[in-house]
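Engineer:
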Amino acid sequence: MSAATVGTGIVEEAVVGSKAPRGGLNRRAKFAGKKLSSPWASLAAIIIALVWTTPTVGLLVTSFRPEADIRSDGWWNVLLHPTFTMDNYQQALFGNQTNFAGYFVNSLVITLPAVVIPISIALLAAYAFAWIDFRGRNLLFVAVFALQIVPIQVTLIPLLSQYVDWGINGTYWTVWLSHTMFALPLAIFLLHNLMKEIPPSLIEAARVDGAGHVKIFFRVLLPLLVPAIASFAIFQFLWVWNDLLVALTFAGGATNVYPLTVRIAEMVGSRGSDWYLLSAGAFISMIVPVIVFLSLQRYFVRGLLAGSVKG
Amino acid sequence: MLVVIALFILVMGAILWLVDSSSKVPRWAVITGFLGPAVLALTFGLVYPGLRTIYSSFFNRNGTEYVGVDNYVRAFTESQFQIVLRNTVLWVFLVPIAATLVGLIYAVLVDRTRFERIAKTLVFLPMAISMVGASVIWKFVYEYRPTDRPQTGLANQLLVWLGLDSRQFLLNQPQNTLFLIIVMVWIQTGFAMTVLSASIKAIPEDIIEAAKLDGLSGLGMFRHITVPSIRPALVVVLTTIAMGTLKVFDIVRTMTGGNFSTSVVANEFYWQSFRQNDKGFGAALAVVLFVVVIPLVVYNVRQMRIVEEIR
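Chain order of the listed sequences is A and B.
In case it helps, my numbering puts the first sequence at residues 165 to 475.
In case it helps, my numbering puts the second sequence at residues 4 to 314.
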């Protein structure tokens, strides 16, 4: 059982390594000195870093320029006539036609339950897989693990017709339910692996003290699992926040349910040259993931690695 | 939303309370309480729809008539879908190779420099934002204006500065697919860099010192020591990115809508299933995705094990 453990190990290394080189690394750093001082190497690194950041910076600068300026010349001319405005954001957030503030709320309303619900269900299941013995346990667990690889495309048509039958098509329920179901294999797998790492003696001791499963679960395991839950929660949060396919399929046509991604994708098609709105809108949708990423980088990378097979 | 979360917590609480309320509760009830919600959700959300989709891929557009393998034959022989397949193959090969190459070079270049942390963050950031956001950023880079007018898109401005004519990056076939692929490479490079950087840091020191004594440095070191040492990690990164790329939908959908011969299987699936309402054909495309992803996953998991053993 590999993905989660490998992912965790790798990232631990990356985080520790980049923050504070340990003894061995220090000695190696001396050797590396020669290579790093090569001007060509530095130049190459700077070029890559520039290519990777310039497109974003360009759109960010654009989002603060007046509409007329955006139309008349490129953002790199901003220093020639530096005029900045918040109008684009004002217009994008609250303008009648865009109303991104409303879609921002939709994104939140979709995302929070779609994170909380699968984690709770997965915690229960992972506990049972890790600490309750029953016949067929391993078989069932492998089946859950294998479900990780099912592309969600395979499930969309039957699910949609089921939702239509139930009459919940175009409501938040469809999106919550779908994200919950798609998240479970990874969540169960990840949490199970980490639960297994907790020493059995701890559980035994609690059992001897007369604690039932529920008590063990809440008193003993849950506090130890907080980092693992955080990793998965962040992964799932960003997955749902950034998702286009699921929302587009199930909330299709119901504009009062659309998250930001769906609305922006739609606007690129219908008003593709209104860059003053698109640029502001794009950054409104990016601000949350970027904050989450910068503040919780460590958990984020860990969850991302573990979840790389998903989808 | 809050109501839903509260409701959900209430239901879960009830299950737990019932399971735990007395010691007379039979064992199977405990197990059902813990595993029931997960198994139910997975069966309804993944297993049943998956089987259902495979089944309906052998039927006509509204599932009324059995057509054998006609849908598959159509997907592989009609010329418009052969373009889709060609594009998908291009994506699945070019994105992993380019992203891994750039990620590896960058990881080596910034390894143990003063700016390592910030340099890595810059390249990793595109992984945090949505593909819709990334598409907006790059669509702005590719923005077209006739050569004699002031340019607003950075890519065309560069062409004009070099004395060339501006061009329609997203319209001119067949190169437009390559310009879409660049967006995915831009997103995935951060992933490759992070994983590979961790592997590079884990290369045992004695190997490096021995190589130094043998007179290796710079490129020789890179080719004979670094690359062979991290080969399993390289394979994991390549296959992981390939799996993600196979299902790419957001970028194509947002930037071109699959027009101008840029469609890929995942986008065509959406288009056929939900816009053309050809459920049978859509299902066949989803199954194709599923079948192609399986060997990738198997290979990926195997290599993960090797990475794990090495550490």
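Think of the CB as a built atom: it goes at the ideal place given N, C-alpha and C, for glycine as much as any other residue.
By DSSP, does PHE62/B sit in helix, in strand, or in coil?
Structural biologist: Look at PHE62/B here: in three-state DSSP terms it is strand.
Engineer: Looking at PHE264/A: is its Cβ nearer than 8 Å to the Cβ of GLY445/A?
Structural biologist: yes
Engineer: Beta carbons nearer than 8 Å to chain B: which residues of the segment 268-286 of chain A have them?
Structural biologist: Residues passing the 8 Å Cβ filter: LEU272, VAL273, LEU276, PRO277, VAL280, ILE281, SER284, ILE285 and ALA286.
Engineer: Is PRO453/A closer than 8 Å to ALA351/A when the C-beta atoms are compared?
Structural biologist: no
Engineer: Is the separation between the beta-carbon of GLY285/B and that of GLY66/B shorter than 8 Å?
Structural biologist: no
Engineer: Closer than 9 Å by beta-carbon distance: list the chain A residues that pair up with PRO29/B, in chain order.
Structural biologist: Residues of chain A passing the Cβ test: none, with the nearest at roughly 12 Å.
Engineer: Go ahead and label ASP168/B buried or exposed: buried means 16 or more other beta carbons lie within 10 angstroms of its beta carbon, across all protein chains shown.
Structural biologist: exposed
Engineer: Let me check understanding here. Comparing Cα to Cα, which of PHE293/B, MET15/B, GLY261/B and TRP31/B lies closest to SER60/B?
Structural biologist: PHE293/B
Engineer: Terminal residues of the continuous alpha helix (DSSP H) containing VAL192/B?
Structural biologist: The sequence shown places Thr at residue 192/B, rather than the Val named in the question. Per DSSP, THR192/B belongs to the alpha helix (DSSP H) from 178-204.
Engineer: So with Cβ pairs under 8 Å, would you call ILE8/B a contact of chain A?
Structural biologist: yes
Engineer: Quick one: Cα of VAL72/B to Cα of ARG89/B, how far?
Structural biologist: 21 Å
Engineer: On the three-pair Cβ rule with 8 Å, is the segment 264-274 of chain B touching the segment 215-227 of chain B?
Structural biologist: The segment 264-274 of chain B, when compared against the segment 215-227 of chain B, does not touch it at the 8 Å Cβ threshold.
Engineer: Since TRP330/A is in the alpha helix (DSSP H), which residue starts that stretch and which ends it?
Structural biologist: 317-330
Engineer: Do the CB positions of THR425/A and SER133/B come within less than 8 Å of each other?
Structural biologist: yes
Engineer: Below 8 Å, can you find three or more Cβ-Cβ pairs linking the segment 107-121 of chain B to the segment 248-260 of chain B?
Structural biologist: no
Engineer: What does GLN154/B reach in chain C if we use C-beta pairs closer than 7 Å?
Structural biologist: In summary, chain C is missing from the structure at hand, where the protein chains are A and B.
Engineer: Can ALA137/B and VAL186/B be called in contact, C-beta distance under 8 Å?
Structural biologist: ALA137/B is a Cβ neighbour of VAL186/B, given a cutoff of 8 Å.
Engineer: Should the segment 184-201 of chain B be called in touch with the segment 97-106 of chain B, which here means at least 3 C-beta pairs below 8 Å?
Structural biologist: yes
Engineer: Anything in chain A within Cβ reach of PRO40/B, meaning under 8 Å, just list it in chain order.
Structural biologist: Residues of chain A passing the Cβ test: ILE285, LEU288 and ALA289.
Engineer: For PHE346/A, count neighbouring C-beta atoms within 10 Å of its own C-beta (all shown protein chains included) and say buried if the count is 16 or more, exposed if not.
Structural biologist: buried
Engineer: Against chain A, which members of the segment 251-281 of chain B pass a CB distance test of less than 8 Å?
Structural biologist: Shown in chain order are the members of the segment 251-281 of chain B whose Cβ falls below 8 Å from a Cβ of chain A: PHE252, ASP253, ARG256, THR257, MET258, GLY260, ALA269, PHE272, TYR273, SER276 and PHE277.
Engineer: ILE69/B by DSSP, collapsed to three states: which one?
Structural biologist: It is worth fixing the name first, because residue 69/B is Tyr in this sequence and not Ile. TYR69/B: strand per DSSP, three-state reduction.
Engineer: What is the DSSP secondary structure of ALA245/A, counted as helix, strand or coil?
Structural biologist: One detail in the question is off: residue 245/A reads as His in this sequence, not Ala. In the three-state DSSP reduction, HIS245/A falls in the coil class, being neither helix nor strand.
Engineer: Taking LEU257/A as the reference, give the member of PRO219/A, PHE447/A, ASP237/A and ASN333/A with the closest Cα.
Structural biologist: PHE447/A
Engineer: Short of 9 Å Cβ to Cβ, which residues in the segment 70-104 of chain B face chain A?
Structural biologist: none
Engineer: Give me the residue from TRP240/A, THR419/A and TRP403/A with the minimum Cα distance to ASP253/B.
Structural biologist: TRP403/A
Engineer: In whole angstroms, give me the CA-to-CA distance for GLY331/A and ALA415/A.
Structural biologist: Their Cα atoms are separated by approximately 13 Å.
Engineer: Tell me whether GLY156/B is buried or exposed, calling it buried when 16 or more other Cβ atoms sit within 10 Å of its Cβ.
Structural biologist: buried
Engineer: Is the separation between the beta-carbon of LEU348/A and that of LEU45/B shorter than 8 Å?
Structural biologist: yes
Engineer: Short check: CB of VAL22/B to CB of VAL378/A, under 8 Å?
Structural biologist: yes
Engineer: What is the DSSP secondary structure of ARG40/B, reduced to helix, strand or coil?
Structural biologist: Here residue 40/B is Pro; the residue named in the question, Arg, does not match the sequence. Reduced to three states, the DSSP call for PRO40/B is helix.
Engineer: Show which residues of chain B have a CB atom less than 9 Å away from the CB atom of GLN255/A.
Structural biologist: Going along chain B, no residue has its Cβ under 9 Å from GLN255/A, so there is no contact; the nearest lies around 16 Å.
Engineer: Which residues in the same chain as MET4/B place their Cβ atom closer than 7 Å to its Cβ, once the five residues preceding and following it in sequence are excluded?
Structural biologist: Taken in chain order, the list of residues that qualify is empty.
Engineer: Is it true that the segment 197-209 of chain B meets the segment 230-244 of chain B, where meeting means three or more beta-carbon pairs spaced less than 8 Å apart?
Structural biologist: yes
Engineer: Apart from the five residues just before and just after LEU189/A, which ones in its own chain have a Cβ nearer than 6 Å to its Cβ?
Structural biologist: Residue confidence for LEU189/A is low, a pLDDT of 46 falling below 50, so the modelled location carries little weight and cannot support an answer.
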